[in-house]
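Residue numbers for the sequence shown, in numbering that gives the first Met the number 0: 0 to 335.
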Amino acid sequence: MKKAIDQLSRPFKDLRISVTDRCNFRCRYCMPAEIFGPDYAFLPKQEILSFEEIERITKASVNLGVRKVKLTGGEPLIRKNLHQLIRKLYEIEEIEDIGLTTNGILLPTYADRLKEAGLKRINISLDALEENLFKKMNGVGASVEKVKAGIDAAIQAGLKVKINMVVQKGVNEDEIIPMAEYCKVKEIPLRFIEFMDVGNSNGWNWDQIVTKKEMMGILASRYELIPIEPDYYGEVAKRYRLKGSDSEIGFITSVSETFCSECTRGRISANGSFYTCLFAQSGVDLKEDLRNGMTDTELMNKLNQIWNNRNDRYSEERTEESAVKRKKIEMSYIGG
Ligand code: SAM
Ligand code: SF4
Ligand code: SF4
């Protein structure tokens, strides 16, 4: 029997906004080059939400309790003048935290202006330190040094940095220890992410998962891990300290240890739909409403109604069948 989830215990607190469906990488687990090739139909400009539209949706969400916003994509730093959006969001008084997830290579150009505009923290994705493997994983031959330069630029700009590493079996498990060591030396928190069945393009299957338990086994050969208590309700990462240092690692266990009952996150896709689950089959379009004169109160009521009627618990229900066959929104639209 399905376990009922009480929506009251899942308040709407976090908003993730995808600002573009385009990217300068072609990571195999997200936008494989053979599907997202030169003929792939990315969204035309008019289909993408404007900064003003994003600001309106954010303000309506804030009225419903949202206090944290994260910008993502595609690659958010290829969206022109992103710092202007950050400034608009920073000026919304109730927002306590603005973050951004990026592949990092454009940070040497943009880190300072993002920080100045009000960005507080940044998650930088880096899946391997071994040059050839990283080039293969990102699909465009980008070098590790470019991402490292981005990490350094973000630190120098005064941003709080975390690193995300997606771990795929048979691909980059050998990079777990080197990445932990790199982050330990640089004193950057590291998040290991289980490979997820987001979208339908990345050829996901169960055999490619390295679970948190397996990753902990690999890390235990080198480090003693001390559990850290969650900082706040709904914290997604399960965190540990490496004994003998202040270094922190965490695991995003969307496949092996699900957390739907505490999921407080809504998502806006690049083309302006509201999704209440990362693995949703469809979202609710807001863009047309916004462009057809919907008032702020109507927008807020609409979001509230969608949130209150949500019964998402995909990760708890995931089956072989749903993971592979169910039609789901692509990661590049919704942004992780
Ligand atoms: N381009 C930016 C980046 O890579 O950080 C932001 C968008 S990306 C979709 C957001 C996050 O989702 C990244 O940390 C990326 O590694 C992660 N991601 C993408 N596809 C994934 C998958 N299939 N399973 C787990 N994480 C994934
Ligand atoms: Fe681009 Fe990020 Fe997806 Fe990699 S994970 S293809 S960098 S959107
Ligand atoms: Fe939230 Fe959906 Fe992930 Fe469950 S599967 S934690 S409901 S986004």
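All C-beta atoms in this analysis are idealised placements derived from N, C-alpha and C, irrespective of residue type, glycine included. Because the structure is a prediction, the values reported are computed rather than measured.
Would you list the residues sitting across from residue i in a DSSP beta bridge?
i    : result
D230 : According to DSSP, D230 bridges with nothing at all.
E261 : The partner list for E261 (beta bridge, DSSP) is empty, contrary to what the question assumes.
L14  : V68 and G265
N201 : The partner list for N201 (beta bridge, DSSP) is empty, contrary to what the question assumes.
L241 : L224
N163 : S124 and R190
E247 : R240
I208 : Q167
Answer with buried or exposed for residue i, where buried requires no fewer than 16 other C-beta atoms within 10 angstroms of its C-beta.
i    : result
A40  : exposed
P177 : exposed
T108 : exposed
A219 : exposed
W203 : buried
G36  : exposed
R25  : buried
N336 : In the structure as shown, the chain begins at 0 and stops at 335. Residue 336 is therefore absent and cannot be evaluated.
S281 : exposed
D13  : buried
E18  : The residue you asked about is not Glu; residue 18 is Val in the sequence shown. With 16 or more other Cβ atoms within 10 Å, it is buried.
D38  : exposed
D370 : This structure does not reach residue 370, given that the chain is present from 0 up to 335, and the question cannot be answered.
S331 : buried
T100 : buried
K79  : exposed
V184 : exposed
E46  : exposed
Q167 : buried
K1   : Low confidence applies here, because K1 scores a pLDDT of 49, under 50, leaving its location unreliable; read the following figure in that light. Exposed: under 16 other Cβ atoms inside 10 Å.
S253 : buried
S8   : exposed
E51  : exposed
W205 : exposed
D245 : exposed
S260 : exposed
P43  : exposed
I71  : The question names Ile, but residue 71 is Thr in the sequence shown. Per the 10 Å Cβ criterion, buried.
G216 : exposed
E319 : exposed
N131 : exposed
G265 : buried
N201 : buried
E329 : buried
T294 : exposed
T296 : exposed
E316 : exposed
G243 : exposed
D196 : buried
G169 : exposed
D284 : exposed
D409 : Only positions 0 to 335 of the chain appear in the structure, and residue 409 is not among them; the question remains open.
K212 : exposed
Less than 8 Å between CB atoms is the rule here; does residue i satisfy it with respect to chain B?
i    : result
L224 : No chain B appears in the structure shown, which is made up of a single protein chain.
Extract the residue ranges of the beta strand (DSSP E) inside the region 32–95, only unbroken runs of 3 or more that lie entirely within it. 67–71
Per the contact definition of three or more C-beta pairs closer than 8 Å, is the region 89–107 in contact with the region 321–329? no
Please give the ranges of any alpha helix (DSSP H) in the region 266–309, keeping only runs that are unbroken, at least 4 residues long and fully inside the region. 286–290 and 295–307
Could you tell me whether the region 288–305 touches the region 233–252, using the rule of 3 or more Cβ pairs below 8 Å? no
Runs of 4 residues minimum, wholly inside the region 84–154: which ones carry the alpha helix (DSSP H) assignment? 106–116 and 130–137, all fully within the region 84–154.
List in chain order the residues whose CB is within less than 7 Å of at least one heavy atom of ligand 3. S253, T257, F258, C259, C262, R264, C276, L277, F278, D311, R312, Y313, S314 and E315
With a threshold of 8 Å, are at least 3 pairs of Cβ atoms found where one atom belongs to the region 293–312 and the other to the region 55–62? Note that the region 293–312 touches the region 55–62; at least 3 beta-carbon pairs, one per stretch, sit closer than 8 Å.
On the three-pair Cβ rule with 8 Å, is the region 223–237 touching the region 62–69? no
Report yes or no: do three or more beta-carbon pairs, one from the region 154–164 and one from the region 210–228, lie closer than 8 Å? no
Can at least three beta-carbon pairs, one atom from the region 133–141 and one from the region 185–192, be found at a separation below 8 Å? In short, these stretches do not touch, since the Cβ pair count stays below three.
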